[in-house]
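To keep things clear, I will list the structure first and then write my remarks on it.
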Amino acid sequence: MSGSSRSIPHDIEIGNAGTSKKNIEWLEKKLTEADINLREEGLALLERIYGGARDNRTIFKREHKADDREPLVPRAVSIGPYHHNCKNPLKFRDDYKLKITRFMVRYCSLDKEKYLKEMEKKEKDVRSCYDKDLPEWESEEFRTMLLLDSSFTLFVMDAFSKREFAGFGLYVEYIALLLEVREHLEKIKLDFLTVDNQIPFSAIKILLGCFPQDSRIRKESVEELALRFFDDLQPMKNKEQGLVKKRNKEQDLEKKRNEEQVTSWGVAQFHHLLPLSDLWPRRNELQEMSRGASDQFHHLLHLFHWSRIPKEGYEMDYEDRRSKNVSEQYIPSATELQKSATKFKKKHSGSSLDVTFNRGPTFVSGVINIPILQLYNYSKPIFRNLIAFEATPASSVLCFTAYMACMSCMLQREDDVKLLRDRGIVASTNYKDADILKFFEELNKEIEGVEMPETLRKLYTDVMDHHNSRISKWWGDFMLQYCPNFWVGLSLVAAILIFTLSFLQAFSGMLSYYRPKKN
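Residues in the sequence shown are numbered consecutively from -13, following the working numbering.
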């Protein structure tokens, strides 16, 4: 009671007649303040959870988690503002980027003034791509950082995208820059794919437009350079994902949609529509272009993500990711699934991440089709960054997250890994069976508590329906007991065939004995 009495002003009169006028005014004021504070707290909470999904923010600062996981930080070069003052001993800092920019200005006719003027116009848009306000970056310093980082990125991708360098090969300066970059190329590629070590894709495209029209460096788009630059990294590129093919498909879709609208409305009132090239990358008219497009890729990691995922499936709205019970998402391990007549086959086409399931015509056996798994020393940071990217509002496709969840379920013991290795699904690399288990165990921590897309939920449902079937379990036990491998199965078939032929021969002999031939 003493605590509550202290919060009431001394000039408020309380008597038998009730609360005075001053007391009512004071109470109304406190209620108004509480309402305002509650509203501000609610808006702040919504901004923190969903803010990036409502505006242009596409590059998010990843906070270091207080556990034993290694932080996702650049190893050779910082790109963008978040790691500009990185404490790691980076090889390529601003002084080296300045050398590359000077080379491009001197030998490639880069118009640096034009770039800085363009970025001055678009600075507000570029800043809005970051989830932090970046007040410590002055305008001039921010634009210079974009120039140097874009120059370094474009130089490296152009130099190492399997192209000829006859135009630059005569310059000693170029060779000096090239050899030093080559020495740290793998680290640079990983830094380009670090989730918060990014600059907007538009900044690199604007730089490409500041070279002369006849410049050799403008022969190809930034997207094509980047895709070839990352072409040797696992998981491999989905060959069904083509920039030109996608553009043609989306243009045809947009044209068809406009024609249908003209037909349904009866009037041609579409002169106000944007050009098809601006409207182009929409997967369909109901979905945002989150899968990527030539003018809608947020950054290099987004482009790399798009080039590896399947053409369809695994979509999930950011607001719906925690709307269901994640504990229900589970399938048994590979060796357990084998007990219910489930086979595992190597998948050759499509995305390296698209795991599918289909039942046989008799519904007794089932087949899980899994793309080849190739793990290298660089695989863990790539997967971690792609999963981290899918956790941001900038992505609505959770393919890497779903793949990690699915494979973590199937690979629980070394016997599971050995089974998939025998089927040709796990490729022979320097990763041993125990290393593969540890790989999925550690990365599974990155997706704890995450709601999975409907594509994976349907896969789980189909697999579990087959696994719980009594006839499938009976057939699976029979096959494991009597046909544990191909040669034993072949021997069993041969034995049955020999037994059948011997029985027929004996039966024929009995018939000839009891029914002798007539003369």
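We put the CB at the ideal spot given by N, CA and C, even for glycine.
Since the model is a prediction, treat every value here as computed from it, not as a measurement.
Identity of the residue in the options nearest residue i by Cα
i    : options                   : result
N183 : Y116, D81 and S207        : Y116
L133 : Y316, E109, T44 and T328  : E109
E432 : R370, M396, L140 and M450 : R370
E440 : S365, K332, Y300 and D451 : Y300
F128 : K77, I65 and I482         : I65
E226 : R168, L287, S338 and D200 : S338
C549 : Y316, I422, A420 and Y93  : Outside the displayed range of the chain (-13 to 505) lies residue 549, so it cannot be described from this structure.
Y101 : A162, I192 and A492       : I192
S414 : G195, V208, L359 and Q220 : L359
Q324 : D340, H334, K332 and I354 : I354
I45  : K118, I422, V436 and F78  : K118
P67  : E322, Y157, R55 and R48   : R48
M438 : A162, N363, A377 and D463 : A377
E209 : E166, H284, L171 and D340 : H284
H170 : R294, Y417 and L76        : L76
K73  : V59, I457 and V341        : V59
S382 : G435, E298, D421 and D408 : E298
R202 : L120, I190, Q220 and A145 : A145
F89  : P379, I161, E14 and I190  : I161
R61  : F78, L490 and S293        : F78
S188 : E104, N224 and E166       : E104
K444 : E56, R294, V341 and Y157  : V341
F141 : G462, A388 and R168       : R168
A380 : T130, Q220 and L287       : L287
Backbone CA spacing between residue i and residue j [nearest angstrom]
i     : j    : result
N71   : Y82  : 15 Å
E271  : L164 : Here the model assigns E271 a pLDDT of 32, short of 50, so the residue's position is not dependable, and the following value carries that caveat. One C-alpha to the other measures close to 45 Å.
F197  : K205 : 11 Å
G336  : L361 : 18 Å
G410  : W460 : 26 Å
L405  : S319 : 11 Å
L289  : N42  : 17 Å
P357  : P296 : 12 Å
F425  : M393 : 11 Å
T488  : G495 : Residue identity differs from the one stated: residue 488 is Ser in this sequence, not Thr. Near 11 Å, if we compare the C-alpha coordinates of G495 and S488.
K329  : G352 : 6 Å
H258  : Q282 : Only weak support exists for where H258 lies, its pLDDT of 36 falling under 50; the value from the coordinates is given anyway. Taking the straight line joining both Cα atoms gives about 21 Å.
D217  : E19  : 58 Å
M390  : E122 : 38 Å
I185  : H452 : 47 Å
E322  : V350 : 16 Å
R113  : L423 : 41 Å
S326  : A374 : 35 Å
M302  : S147 : 33 Å
L194  : Y93  : 15 Å
K98   : D111 : 20 Å
I86   : V436 : 42 Å
S293  : E14  : 59 Å
D200  : E124 : 34 Å
S(-7) : L120 : A caution first: S(-7) carries a pLDDT of 48, below 50, which makes its placement in the model unreliable, though a value can still be read off. Cα to Cα, the separation comes out at about 41 Å.
K332  : G462 : 20 Å
E159  : S137 : 15 Å
L490  : I482 : 12 Å
K418  : F386 : 22 Å
Any C-beta of chain C under 7 Å from that of residue i
i    : result
V436 : The displayed structure is made up of one protein chain only, and chain C is not part of it.
Where the beta strand (DSSP E) through residue i begins and ends
i    : result
F330 : T328 to K333
F283 : Run containing F283: none; DSSP gives neither H nor E here.
T342 : T342 to R345
Where the alpha helix (DSSP H) through residue i begins and ends
i    : result
T447 : E440 to H453
R294 : L286 to R294
A214 : A quick correction: the sequence has Arg, not Ala, at residue 214. R214 -> alpha helix (DSSP H) spans V208 to F215.
R407 : E400 to D408
D419 : D419 to L429
T139 : S125 to A145
R43  : Segment: none, R43 is in no alpha helix (DSSP H) and carries neither H nor E.
Go through the region 347 to 392 residue by residue and report every complete run of the alpha helix (DSSP H) that reaches 4 residues or more, in order.
Along the length of the region 347 to 392, whole alpha helix (DSSP H) runs at least 4 residues long occupy 365 to 376, reported in chain order.
Report the start-end ranges of each beta strand (DSSP E) in the region 86 to 110 that is 3 residues or longer and not cut off at the edges.
Listed in chain order, there is nothing to give.
Are the region 398 to 405 and the region 212 to 224 in contact at 8 Å, needing three or more beta carbon pairs?
Not touching, per the Cβ criterion.
On the three-pair Cβ rule with 8 Å, is the region 339 to 352 touching the region 446 to 453?
Result yes; three or more Cβ-Cβ pairs closer than 8 Å.
Count Cβ pairs between the region 173 to 182 and the region 364 to 382 that sit closer than 8 Å; are there 3 or more?
Three or more beta-carbon pairs drawn from the region 173 to 182 and the region 364 to 382 are found closer than 8 Å, and the two stretches are therefore classed as touching.
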